[in-house]
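Data first, discussion second: the structure below is written as structure tokens.
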Amino acid sequence: MVGVAWDKATAAESRDLVLWLRQASKVRRSPRTGSAGTAGTVNPVTRKRYLGDGYEPRTIRHSNAVVRAFYDFWINDVQEGPLLNPVPLQRNRGRRPYAHHDPLEPFGREGRIRYNPALPRQRPREMPEDCWRAVFGSLRSDRDRALLSLDVSCGARASELLGVRGVDLDWGDQLVRVVRKGTGVEQWLPASPESFVWLRLYLAGLDAPLAPMDPLWWTLRRRDRGEGLRRQPMNYEALRGVWRRVNALLGTNWTMHDLRHTASLRMSRDENLSLRDVQVVLGHAHLSTTADIYTVEDEARVIRRVRRHLDERERRARKPPPPVAAGYDAGDLDILFGRNPR
Numbered sequence: 003m004v005g006v007a008w009d010k011a012t013a014a015e016s017r018d019l020v021l022w023l024r025q026a027s028k029v030r031r032s033p034r035t036g037s038a039g040t041a042g043t044v045n046p047v048t049r050k051r052y053l054g055d056g057y058e059p060r061t062i063r064h065s066n067a068v069v070r071a072f073y074d075f076w077i078n079d080v081q082e083g084p085l086l087n088p089v090p091l092q093r094n095r096g097r098r099p100y101a102h103h104d105p106l107e108p109f110g111r112e113g114r115i116r117y118n119p120a121l122p123r124q125r126p127r128e129m130p131e132d133c134w135r136a137v138f139g140s141l142r143s144d145r146d147r148a149l150l151s152l153d154v155s156c157g158a159r160a161s162e163l164l165g166v167r168g169v170d171l172d173w174g175d176q177l178v179r180v181v182r183k184g185t186g187v188e189q190w191l192p193a194s195p196e197s198f199v200w201l202r203l204y205l206a207g208l209d210a211p212l213a214p215m216d217p218l219w220w221t222l223r224r225r226d227r228g229e230g231l232r233r234q235p236m237n238y239e240a241l242r243g244v245w246r247r248v249n250a251l252l253g254t255n256w257t258m259h260d261l262r263h264t265a266s267l268r269m270s271r272d273e274n275l276s277l278r279d280v281q282v283v284l285g286h287a288h289l290s291t292t293a294d295i296y297t298v299e300d301e302a303r304v305i306r307r308v309r310r311h312l313d314e315r316e317r318r319a320r321k322p323p324p325p326v327a328a329g330y331d332a333g334d335l336d337i338l339f340g341r342n343p344r
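When the sequence shown is numbered by the numbering used here, its final residue is 344 and no position is left out of the sequence of numbers.
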């Protein structure tokens, strides 16, 4: 605690908060157990970094945005608190923000927060085919196989798939309806025939048929009332439990979002699909978002192509020159092409 009242805070406190978050350790409800040895390291299989004990740059930026919105509410809506927001924006080269703003038009974005840390550019994480087979083979139930195969084929977010109900499945056209995160718009997405096969097996194994408005995904949980296992809708924590078991078995750190990246990259490389098609399936509001994320070259593919290029150069270098046609002197041709200068 710095002993400064909330309505007396200045940009100096905002700066000190960011500096403290960049060196402080995260507050945890309980200490790390199995993940203590891998914190901040890179997994050798997935080549993904484990989360460390400190606050990530994205978390710090989110904290700055929340604090700035809090002060904006008190200054603009309640009209109390400090006169200036203590979370400042970037300096605009001496120009006042909104100096020529039309009062009849709404205010737009002013700029970036001054003390936001830079974000490292992250590449989409594609799960290789052999890794996907290993993950799929380690699943223990038809529910998990149906859920993961559905995600890797349609590229929906985890929260969108967990909200699917029985009425949201079109078995004839093999479509699944999801409610888009953020906008709340309903959208039908095509899925693979394999995922619908696993869906059929999963639903056939339930102890009772589902009503049309019932959630699609269910799990069993034990309560303290002595009633044994009871069926309840599957939430995100139960889904994380599925991935914890898989990662512990395979020594990996895959997540549900990696399947979305995998489906997106597969679709973006298909010549039969345009980038606009991929944008619609992923639910991005802007085409630039899809282009910026999924039109990058995969490092593993680049390495393979360069390796083939080097092998081909080596093969051509070892290949003997073709025989000299009749009427030409071999020595003169060597001098001409620089193979054996005299």
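Where is the CB? At the ideal position from N, CA and C, for every residue including glycine.
With a cutoff of 8 Å on beta-carbon distance, residue 262 and residue 153 are scored as near each other. In this structure, residue 219 and residue 318 do not form a Cβ contact; the two beta carbons are roughly 56 Å apart against a cut-off of 8 Å. Non-local beta-carbon contacts of residue 188 in its own chain, meaning distances under 7 Å to residues more than five positions away in sequence, involve 179 and 181 in chain order. Each of 295, 10 and 116 was checked against the Cα of residue 76, and the nearest Cα belongs to 10. Taken through DSSP and simplified to helix, strand or coil, residue 154 comes out as helix. In the DSSP assignment, residue 292 falls within the alpha helix (DSSP H) that extends over 289–296. For residue 258, the closest alpha carbon among the candidates 126, 167, 335 and 232 is that of 126. Residue pairing from DSSP places residue 192 in a beta bridge opposite 177. DSSP places residue 127 outside any beta strand (DSSP E), giving it a letter other than H or E. Residue 91 is positioned such that its CB atom lies no closer than 8 Å to that of residue 63. For residue 35, there is no enclosing alpha helix (DSSP H), as DSSP marks it with neither H nor E. No Cβ-Cβ contact shorter than 8 Å links residue 42 with residue 57. When DSSP states are grouped into helix, strand and coil, residue 79 belongs to the helix group.
Pairing residue 244 with residue 270, the inter-Cα distance amounts to about 28 Å. The C-beta separation of residue 266 from residue 165 comes to about 20 Å, leaving the pair out of contact by the 8 Å criterion. For residue 29, DSSP records no beta bridge to any residue. Per the coordinates, the alpha-carbon of residue 134 lies some 44 Å from the alpha-carbon of residue 17.
Of 290, 296, 248 and 253, the smallest CA-CA separation from residue 268 is found for 296.
The C-alpha of residue 88 lies about 57 Å from the C-alpha of residue 210. Excluding the 5 residues flanking it on each side, residue 207 has same chain C-beta neighbours closer than 7 Å at 144, in chain order. Residue environment: residue 148 is assigned as buried (16 or more neighbouring CB atoms within 10 Å of its CB, all protein chains considered).
Of the candidates 255, 191 and 321, the residue whose Cα lies closest to the Cα of residue 279 is 191. Cα atoms of residue 49 and residue 128: separation of roughly 11 Å, rounded to the nearest angstrom. Per DSSP, residue 245 is one residue of the alpha helix (DSSP H) stretching across 238–252.
In the DSSP assignment, residue 221 falls within the beta strand (DSSP E) that extends over 220–224. In the displayed model, residue 203 falls within a helix according to three-state DSSP.
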